[in-house]
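Quick note: the sequence shown uses the working numbering, first residue 9, plus one each step.
Backbone N, C-alpha and C define an ideal beta-carbon position, used for all residues, glycine too.
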Amino acid sequence: MIYDVLIIGAGITGTMTARALSAYGCSVAVAEAGSDVAWGATKANSAIVHAGYDCVPGTMKARLNVRGCAMMEEACAALGVSYKRCGSHVVAFDEDDMATLRDLYERGVKNGVPDMKILSQAELREMEPNISPEAVGSLWAPTAGIVCPYGLAIAAAENAATNGVKFYFDFPVSDVSRAGDVYYVSDGKETIAARRIVNAAGVHSAEVAGILGEHDFPVTIIPRRGEYIVMDKSVGNTVNSTLFVAPSPKGKGILVAQTVDGNLLVGPNANEIADADDVSVTADGLSEIMTGALRLIPTVSQRNSITNFAGVRATPSTHDFHICISEQLSGVIHAVGVESPGLASSPATAEYIVELLAQDGLVLEKKSDYIPTRRRDGNPKPFAHMTDEERAQAILRDPAYGRIICRCETVTEGDLKDAMRSPVPAKDLDMLKRRTRAGMGRCQGGFCSPRAAVLLADEQETSLDHIGKSGKSSWLVYDRDEEEA
């Protein structure tokens, strides 16, 4: 089969673009180097839907950020993804910081960010009672929000798959050839043929441009690692909105925010690294994060930490998104250097990429049978989000919803089976975790992991020694007899 469009990369940009394209009568495939949707930066970022005041006016970042933020709530509602418009504060600690806030305010006005306000110390403290007494004011942006980034990407992928998009996982692009108007994209084992390519490969997007045949690519990607600490839900209400410090050239600095699931998130730092796939967490990094968090909220304690993680952002040398039709290769659209605010921008970025494909000659005719909402077989939402009446009805339909597997997050056997049978199914424990939150609670999977592994083995009709934690070769159970045989 020759696809009309192949998207390289199943992060938030790739999945939202796949969903947008699935509304039209063209054939679409997505090739992802990892074993799942949101394998790269999308599964490891701040989860903030930025309002758009930070971007330099006139840049593509500014335009897509403000547009994407305005679109996000509707997109989440259609996909059944939790979204909270909690607003954000950029906090000042001295007069120099206040000058920075005034500059950001002016940027925001030029970018079209609505309803911003510079608050006094008293106004800030009324909204955030736990803020440091050294804080002297803030820039308040009420349109900012929070969302689960990998949850949104998974939902977009499932919706796209429902509408006919084909996903290829464990498919790192290693070679591309061309015959006529068709590109043949290979991972060394399998080949996908497509007439058009969307390069949305995140931190490897400039590398993929070279593999596609783009010479002297104008953007260099600088891998920048950010480390985070996730705190228990018992301290999630420490803040009511997202708190930033005044930004520096490295980025928006250490933040303290509640996640959409009720945890407290602190981080990230920002350090350039040589290996774009290095997501290690360091003691120095965690110390740096806590120092920054304590400056904002003095009561934050690392004793409430339940896990740490790191992600790598694709910082472009141009300091702006590079989303355009290739000047050298016909049929290629680049979405390169989509760092923060890439999550906030994603609905608008997808919309823009579809426009570029149309400009490049792709015929786009709306499907009469397009399904714009995420379809769930059985129950429309997770058991933890149901009312008591909805839970009773779910259990009557299927007793599996009456068996709690993850106590910390109230995830049932029915929820796990839904995830295993979705249009983009979970095949290992981390895939289940990202879809259901089983294993994301206080015990970090200590109770539920063995039970979830058994359910995965049953669903796949295999033995436990073939069930992994995360992608290939991450086995949980070692079968010595099989090895000896």
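Q: Along the alpha helix (DSSP H) that carries Lys118, what are the first and last residues, could you check?
A: Taking the first residue of the sequence shown as position 1, residue 118 is located at position 110. From DSSP, the alpha helix (DSSP H) with Lys118 extends over 103–119.
Q.
The beta strand (DSSP E) that contains Gln266, what's its start and end?
A. Within the sequence shown, residue 266 is the residue found at index 258, counting from 1. First-last of the beta strand (DSSP E) with Gln266: 263–266.
Q.
Using 7 Å as the threshold, is the C-beta distance between Ile10 and Val287 below it?
A. Position 2 of the sequence shown holds residue 10. Position 279 of the sequence shown holds residue 287. Against a cut-off of 7 Å, the Cβ pair of Val287 and Ile10 comes out as no contact.
Q. Which first and last residues belong to the alpha helix (DSSP H) in which Arg232 is found?
A. Along the sequence shown, one-based indexing puts residue 232 at 224. Unbroken run through Arg232 is the beta strand (DSSP E), 229–239; no alpha helix (DSSP H).
Q. DSSP puts Leu127 in a beta bridge; with which residues?
A. Within the sequence shown, numbered from 1, the residue matching residue 127 stands at position 119. Ser146, per the DSSP bridge assignment.
Q) Using 8 Å as the threshold, is the stretch 276–296 in touch with the stretch 230–238, meaning 3 or more CB pairs across them? A) yes
(Q) Cutting at 8 Å between CB atoms, please list the residues of its own chain near Pro65, excluding the five before and the five after it. (A) On the sequence shown, position 57 is the one that residue 65 refers to. Cβ neighbours of Pro65 beyond the five flanking positions: Arg115, Lys118, Asn119.
(Q) I need the boundaries of the alpha helix (DSSP H) containing Tyr360, first residue and last residue. (A) Looking up residue 360 in the sequence shown gives position 352. 350–367 is the extent of the alpha helix (DSSP H) around Tyr360.
Q) What are the residues that DSSP puts in a beta bridge with Asn316? A) For the purposes of this step, residue 316 is taken as the residue at position 308 of the sequence shown. According to DSSP, which records beta bridges pairwise, Asn316 is partnered with Ile237.
Q) Does the stretch 203–213 touch the stretch 15–22, meaning 3 or more C-beta pairs lie closer than 8 Å? A) yes
Q) Is the distance from the Cβ of His58 to the Cβ of Pro349 below 7 Å? A) Here residue 58 refers to the residue found at position 50 when the sequence shown is read from its first residue. Here residue 349 refers to the residue found at position 341 when the sequence shown is read from its first residue. Contact: yes.
Q.
Which same chain residues end up closer than 7 Å to Asp104 when comparing Cβ atoms and leaving out the 5 residues on each side of it in sequence?
A. Translated into the one-based positions of the sequence shown, residue 104 becomes position 96. Closer than 7 Å at Cβ, skipping near neighbours: no residue.
**Q.** Residue burial classification, Asn5 (beta-carbon count within 10 angstroms, cutoff 16)
**A.** The displayed coordinates of the chain run from 9 to 493. Any statement about residue 5 would go beyond what the structure contains.
Q. Are Leu147 and Tyr192 touching if we call contact CB-CB under 7 Å?
A. Numbered from 1 along the sequence shown, position 139 holds the residue referred to as residue 147. Numbered from 1 along the sequence shown, position 184 holds the residue referred to as residue 192. Taking 7 Å as the Cβ cut-off, Leu147 and Tyr192 do not qualify as a contacting pair.
Q.
What would DSSP say about Asp62, mapped onto helix, strand or coil?
A. For the purposes of this step, residue 62 is taken as the residue at position 54 of the sequence shown. Asp62: coil per DSSP, three-state reduction.
Q | Through-space distance from Ala41 to Ile372, alpha-carbon basis | A | On the sequence shown, position 364 is the one that residue 372 refers to. On the sequence shown, position 33 is the one that residue 41 refers to. Reading off the sequence, residue 372 comes out as Leu, not Ile. So the two alpha carbons sit approximately 28 Å from each other.
**Q.** Identity of the residue in Arg445, Gly447, Asp436, Met448 nearest Leu484 by Cα
**A.** As a working mapping, residue 484 is identified with position 476 in the sequence shown. If we check each option's Cα against that of Leu484, Asp436 comes out closest.
(Q) Out of Tyr32, Ala28, Glu398, which one is the CA nearest neighbour of Asp377? (A) Counting from 1 along the sequence shown, the entry for residue 377 is found at position 369. Looking at the Cα atoms, Tyr32 is the closest of the given residues.
Q) In its own chain, which residues sit with a C-beta less than 8 Å from the C-beta of Ile154, not counting the 5 before and 5 after it? A) Position 146 of the sequence shown, counting from 1, holds the residue named residue 154. Contacts found: Ala55, Ile56, Val57, Tyr91, Lys92, Cys94, Thr250, Ala265, Gln266, Thr267, Val268.
Q: Could you name the residues that DSSP lists as bridge partners for Thr199?
A: As a position in the sequence shown, residue 199 is number 191, starting the count at 1. Thr199 pairs with Ser194.
Q) Can you tell me whether His393 is buried or exposed, with buried defined as 16 or more other CB within 10 angstroms of its CB? A) Position 385 of the sequence shown holds residue 393. Counting Cβ neighbours within 10 Å, His393 comes out exposed, since fewer than 16 surround it.
(Q) I need the straight-line Cα distance from Ile475 to Leu464, nearest angstrom please. (A) As a working note, residue 475 is residue 467 in the sequence shown. As a working note, residue 464 is residue 456 in the sequence shown. If you take the alpha carbons of Ile475 and Leu464, they lie about 7 Å apart.
**Q.** Glu335 classed as buried or exposed, judged by whether at least 16 other C-beta atoms fall within 10 angstroms
**A.** If you number the sequence shown from 1, residue 335 lands on position 327. So Glu335 counts as exposed.
Q. Bridge partners of Leu464, per DSSP?
A. Taking the first residue of the sequence shown as 1, we reach residue 464 at position 456. Per DSSP, none; premise fails for Leu464.
Q. Thinking just about the alpha-carbon of each residue, which of Glu81, Gly422, Leu365, Lys389 is nearest to the one in Pro407?
A. To locate residue 407, count along the sequence shown from 1; it is residue 399. With distances taken between Cα atoms, Pro407 lies closest to Gly422.
Q) In terms of residues, what are the limits of the alpha helix (DSSP H) holding Leu29? A) Along the sequence shown, one-based indexing puts residue 29 at 21. Start and end: 20–29.
Q: Identify the continuous alpha helix (DSSP H) that holds Lys374 and give its terminal residues.
A: Position 366 of the sequence shown, counted from the start, is the residue given in the question as residue 374. Element bounds for Lys374: n/a, residue is neither H nor E.
Q: Please say whether Ile314 and Ile341 have beta carbons closer to each other than 7 Å?
A: Counting from one through the sequence shown, the residue named residue 341 turns up at place 333. Counting from one through the sequence shown, the residue named residue 314 turns up at place 306. Not a contact, by the Cβ cut-off of 7 Å.
**Q.** Rounded separation between Lys477 and Asp438 - CA only
**A.** Against the sequence shown, residue 477 aligns to sequence position 469. Against the sequence shown, residue 438 aligns to sequence position 430. Lys477 and Asp438: Cα-Cα distance of roughly 6 Å.
Q: Figure out for me which residue from Pro431, Arg133, Leu109 has the closest Cα to the Cα of Met124.
A: As a position in the sequence shown, residue 124 is number 116, starting the count at 1. Here the closest residue by C-alpha is Leu109.
Q) In whole angstroms, what separates the C-alpha of Leu337 from that of Phe252? A) Mapped onto the sequence shown, residue 337 falls at position 329. Mapped onto the sequence shown, residue 252 falls at position 244. Cα to Cα, Leu337 sits roughly 41 Å from Phe252.
(Q) Would the stretch 353–367 count as touching the stretch 327–334 if we require 3 or more Cβ pairs under 8 Å? (A) yes
Q) Looking at the unbroken beta strand (DSSP E) that takes in Gly476, where does it start and where does it end? A) Working through the sequence shown from its first residue, we reach residue 476 at position 468. Unbroken run through Gly476: none, as it is neither H nor E.
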